[in-house]
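As structure tokens, the structure follows; a few thoughts come after it.
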Amino acid sequence: MFQKLDTARFLSHLEMQQMWQRSLRRAKVPLAMSKGFNPHPKISFGSALPVGVASLAEYLDVELRENIELTGLKEKINACLPIGFKVIKIAEIPPKSKPLMAIINRAEYTIEQRVKVCSDDIATITDKFLGQEVITIERETKSGTKLKDIRSGIFSLKAQCAKSELIITTLVQTGSQGNVRPGEVLNTFLGFANLEPIGPEKITRKGLFVNVNGKTVTPLEVLEG
Amino acid sequence: MQNLKQYIQDEILVRVEKPARYLGNEWNSIHKSWDKDKIKMAFCFPDIYEIAMSHLGMRILYGLINKREDFIMERCFAPWVDMEQILREKNIPLFSLESYRPLQDFDVVGFTLQYEMSYTNILNMLNLGGIALEREQRDNDSPLVIAGGPCVYNPEPLAPFVDCFLIGDSEELLPEFLEVLKKHKMGDWSKEKFLAAIKTMPGIYVPKFYEFKWADSGLLQEIIALDDAPSQVKKLIITDFDKAYFPTDPIIPYIEAVHDRIMLEVARGCTRGCRFCQAGIVYRPVREKSPKTLYEQAKKSIENTGYDEISLTSLSTADYSSIKPVIEGLLEKHAGEGIGVSLPSLRVDAFSVEIAKEIQKVRKTGLTFAPEAGTQRLRDVINKGVTSADLEKAVKGAFDAGWTQIKLYFMIGLPTETFEDVKGIADLAYKVLEWGQEVLKNNKNFKRIKVTVSTSSFVPKAHTPFQWEPQNTISELEEKQQYLKSLLKDRRITYNYHDAKTSFLEAIISKGDRRIGKVLKRAWELGCKFDSWSEYFKYDKWLQAFRECEIDPEFYAYRRRDYDEIFPWDVIDVGVTKNYLKSEHRKALQEALTHDCRYEDCPGCGICNRFGVDLEMFRGEQSAY
Chain A
0 MFQKLDTARF
10 LSHLEMQQMW
20 QRSLRRAKVP
30 LAMSKGFNPH
40 PKISFGSALP
50 VGVASLAEYL
60 DVELRENIEL
70 TGLKEKINAC
80 LPIGFKVIKI
90 AEIPPKSKPL
100 MAIINRAEYT
110 IEQRVKVCSD
120 DIATITDKFL
130 GQEVITIERE
140 TKSGTKLKDI
150 RSGIFSLKAQ
160 CAKSELIITT
170 LVQTGSQGNV
180 RPGEVLNTFL
190 GFANLEPIGP
200 EKITRKGLFV
210 NVNGKTVTPL
220 EVLEG
Chain B
0 MQNLKQYIQD
10 EILVRVEKPA
20 RYLGNEWNSI
30 HKSWDKDKIK
40 MAFCFPDIYE
50 IAMSHLGMRI
60 LYGLINKRED
70 FIMERCFAPW
80 VDMEQILREK
90 NIPLFSLESY
100 RPLQDFDVVG
110 FTLQYEMSYT
120 NILNMLNLGG
130 IALEREQRDN
140 DSPLVIAGGP
150 CVYNPEPLAP
160 FVDCFLIGDS
170 EELLPEFLEV
180 LKKHKMGDWS
190 KEKFLAAIKT
200 MPGIYVPKFY
210 EFKWADSGLL
220 QEIIALDDAP
230 SQVKKLIITD
240 FDKAYFPTDP
250 IIPYIEAVHD
260 RIMLEVARGC
270 TRGCRFCQAG
280 IVYRPVREKS
290 PKTLYEQAKK
300 SIENTGYDEI
310 SLTSLSTADY
320 SSIKPVIEGL
330 LEKHAGEGIG
340 VSLPSLRVDA
350 FSVEIAKEIQ
360 KVRKTGLTFA
370 PEAGTQRLRD
380 VINKGVTSAD
390 LEKAVKGAFD
400 AGWTQIKLYF
410 MIGLPTETFE
420 DVKGIADLAY
430 KVLEWGQEVL
440 KNNKNFKRIK
450 VTVSTSSFVP
460 KAHTPFQWEP
470 QNTISELEEK
480 QQYLKSLLKD
490 RRITYNYHDA
500 KTSFLEAIIS
510 KGDRRIGKVL
520 KRAWELGCKF
530 DSWSEYFKYD
540 KWLQAFRECE
550 IDPEFYAYRR
560 RDYDEIFPWD
570 VIDVGVTKNY
580 LKSEHRKALQ
590 EALTHDCRYE
600 DCPGCGICNR
610 FGVDLEMFRG
620 EQSAY
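For the record, the sequence lines run as chains A and B. Numbering follows numbering that gives the first Met the number 0, with no gaps: position 53 of the first sequence is 52. Numbering follows numbering that gives the first Met the number 0, with no gaps: position 436 of the second sequence is 435.
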């Protein structure tokens, strides 16, 4: 598990993948390589983070070509990471574990947005917002703009607004079963609440989770059983 | 500049494409405190991050200069158009990546001149950085604007804008230059006195001390050196290349650069003597690094970068005396860690394919050969010592070793070229197909055979035997491109070619003079920038700039020069004599070859005896021949 804060939030998923390969090599982590014409290290990531979004809890799986000592590894890797990246926890996973992408299906975000004037009763507006049967957004795809309902992908949402600062905390769906983007939640909420944004928003992913049988746990907790 | 940095990161970076271009805190980037008595230089590359970060020269100078406690070097690149628009809207000056300081806060703003089509970006960056374009408009406290790099051997088109040019190997020149600057900055700073003092330093060209007189015909009549400036500026070269500084901890770009790997320079200079090639002349003599040095530099680079590929770079890496043992040595040491070795280009011969086979044990890529011309006659004209038999051996060897895609590079518009020579390119492409079919007759890869033909248009360059030659006109080039296209109809052959209009401008600027500076400025005012990006190249604006400046572009590109004509770049002494270039030009027209002095007698180009140098080579047990 690692953090992606500060300027690191501006790296795209692809740029971050490259960064990890090189940093792990600098830390002398013995990466297992794929076979074939163009061998590459076997590293897999949790759900991709949009450019500009920070995160307190990202995950990556690294396959090694030999067993190594875990004690001190975190410090060794952290000494080789660019500003903004930091490993928080390392755990060993069984060789045949499912890839992260396949199991992670929940993401929690806080969204900070300056607005012109706060609404008086943000709690009521939030209730009404969540009371909607359908929340439609427009999404650009390769085949053009498509309409999509994201209501069923929003599991919880809290909003506060004070001194022109709107803060939303929301738990949404992510992963292969469907993906709700934090920017989409913000934009529909601003529209619904009739709030006028000033300047760019600041989004932080607080966590990635796995929902199994109605229980939301972290990927590391899944590992611990 | 904390405030500017915070503001840009909070408010602006979310609005631009690829914001990681502007962060400046990559791994191995160097952030120094801005003390008053340090000399601060911005290294400017007039193109975007991904291209700039591929540049070996910057890696060398950034490491070398920052090693010195009393010097600071930071990077500054051309912002992409979206960023530029925001900077202009919000009135934010162009800033360096490390400390986010405006260009105008530096003592020295230095540009690397990699290609002529980046010159409008230089003007744009100066303007964005709050620095007046013309050197005469800048006051005593404005930064010194300097330039170096391969295009500096004809500095004149940029003479109105640049205070001084560094001619030669900058790892020797730049520290000396900054040293003198430091002494001057410690006293009462006078830019005028400083420029006067350095005008006699080896390798330094200060354009304000040179007056160019033109006849009514437009021809250059005389170059007058003023105030005891040397009549010719000799380039400065490092002689003990093996011991020269080389960076083993380059900055690791956040965004994939065009060349995103360890670049290990095995040699500088080339003795092949291809007559169209400017680098082959201006980087003489050949200086090689010892295998021992290369192994040490490779090991450190791998540890410090985390890269998984080492590119052995030079103008012609297969010519490096110990190339085979060095590749074997590197693979033996590092292949186990998943590190591959690559070469930027291959010679057209069986030996190169041998080497390629060695390398591809780790990683497979395409194979590219550059015969440059389609017929033996024309290859003799350009002194490309390659025969059809060489190509046959190389190509068959490649197919035999498992490659199925061969790329071939050619130039069109070379001196004396006829349509027969152009047809020769197509004939060669078909021959390569045939050879592939022959080798892979009963092979499952038979259907995968592919040949890509790429042509660039010949640009006659300063300091080459072809500097007297006119360029083909745009319509001639386009006609040849279309003719070749009509001949390459097989679906297994792909044909790519360059825009002839860009080549036309390149020819004008690369053989241009001070008067072209006016055109550059006008073109920039009319909105020209990123000229090497086809989507931003505005040919009509360039033509308008020429018209408004009353300068005939064809005078520069299409005119055959006389042997006794004085060239603007004659003010620079690259070591190779003009007489030698003349004799090479004559030999070209006679289709006569000049052999490589590495293997045969000295043809007398002049560099070794005139500069008191010699070829520096380390022959391994398995030399190329």
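A virtual CB, placed ideally from N, CA and C, is assigned to each residue, including glycine.
Those residues which DSSP pairs with residue i across a bridge
| i | result |
| --- | --- |
| B/THR312 | B/GLU264 |
| A/MET15 | Paired residue(s): none; A/MET15 is not in a bridge. |
| B/LEU225 | DSSP lists no partner for B/LEU225. |
| B/ASP626 | Residue 626 of chain B lies beyond the stretch modelled for chain B, which goes from 0 to 624, so this question has no answer here. |
| A/GLY190 | Answer is none; A/GLY190 lacks a bridge partner. |
| B/LEU218 | Paired residue(s): none; B/LEU218 is not in a bridge. |
| A/PRO196 | A/VAL114 |
| B/LYS520 | Answer is none; B/LYS520 lacks a bridge partner. |
Buried versus exposed call for residue i [16 or more other C-beta atoms within 10 Å across all chains shown]
| i | result |
| --- | --- |
| A/GLY130 | exposed |
| B/LYS35 | exposed |
| B/VAL257 | exposed |
| A/LEU69 | exposed |
| B/GLU331 | exposed |
| B/SER456 | buried |
| A/GLU91 | exposed |
| B/SER117 | buried |
| A/THR135 | exposed |
Test item: CB-CB of residue i and residue j under 7 angstroms
| i | j | result |
| --- | --- | --- |
| B/GLY148 | B/LEU93 | no |
| A/THR173 | A/ALA101 | no |
| B/GLY337 | A/MET32 | yes |
| B/VAL265 | B/LEU311 | yes |
| B/ARG513 | B/CYS548 | no |
| B/MET262 | B/LEU60 | no |
| A/SER54 | A/LYS3 | yes |
| B/ILE251 | B/ASN578 | no |
| A/ALA158 | A/ILE167 | yes |
| B/ALA41 | B/PHE105 | yes |
| B/CYS596 | B/THR238 | no |
| B/LEU592 | B/ASP379 | yes |
| B/CYS273 | B/ILE381 | yes |
| B/TYR167 | B/LEU235 | One detail in the question is off: residue 167 of chain B reads as Gly in this sequence, not Tyr. The answer is yes: Cβ separation under 7 angstroms. |
| B/GLY605 | B/VAL575 | yes |
Cutoff 7 angstroms: residue i Cβ touching any chain A Cβ
| i | result |
| --- | --- |
| B/GLY337 | yes |
| B/ALA334 | no |
| B/GLU73 | no |
| B/GLY305 | yes |
| B/LEU12 | yes |
| B/TRP79 | no |
| B/PRO18 | yes |
| B/ILE254 | yes |
| B/ILE223 | no |
| B/LEU22 | yes |
| B/ILE424 | no |
| B/ILE251 | yes |
| B/TRP26 | yes |
Chain B contact for residue i (CB, 7 angstroms cutoff)
| i | result |
| --- | --- |
| A/THR6 | yes |
| A/PRO32 | A small correction: the amino acid at residue 32 of chain A is Met; Pro does not occupy that position in the sequence shown. Output row for A/MET32: interface = yes. |
| A/ARG25 | yes |
| A/PHE9 | yes |
| A/ILE82 | yes |
| A/GLY35 | no |
| A/GLU195 | no |
| A/PRO181 | no |
| A/GLU164 | no |
Length-filtered (3 minimum) beta strand (DSSP E) runs lying within the region 21–85 of chain A: 42–44, 53–57 and 59–61
Interface residues of the region 47–69 of chain A facing chain E [CB-CB below 7 angstroms]: Of the chains in the structure shown, none is chain E; the protein chains are A and B.
Runs of beta strand (DSSP E) lying entirely within the region 403–487 of chain B, each at least 3 residues, in chain order: Those beta strand (DSSP E) runs which fall completely within the region 403–487 of chain B and span 3+ residues are 404–411 and 449–456.
Enumerate, from N- to C-terminal direction, the unbroken beta strand (DSSP E) stretches of 3 or more residues contained entirely within the region 85–133 of chain B. 107–111
Contained beta strand (DSSP E) runs [length at least 3] in the region 37–62 of chain B, N- to C-terminal order: Contiguous beta strand (DSSP E) elements confined to the region 37–62 of chain B occur at 38–44, taking only those with 3 or more residues.
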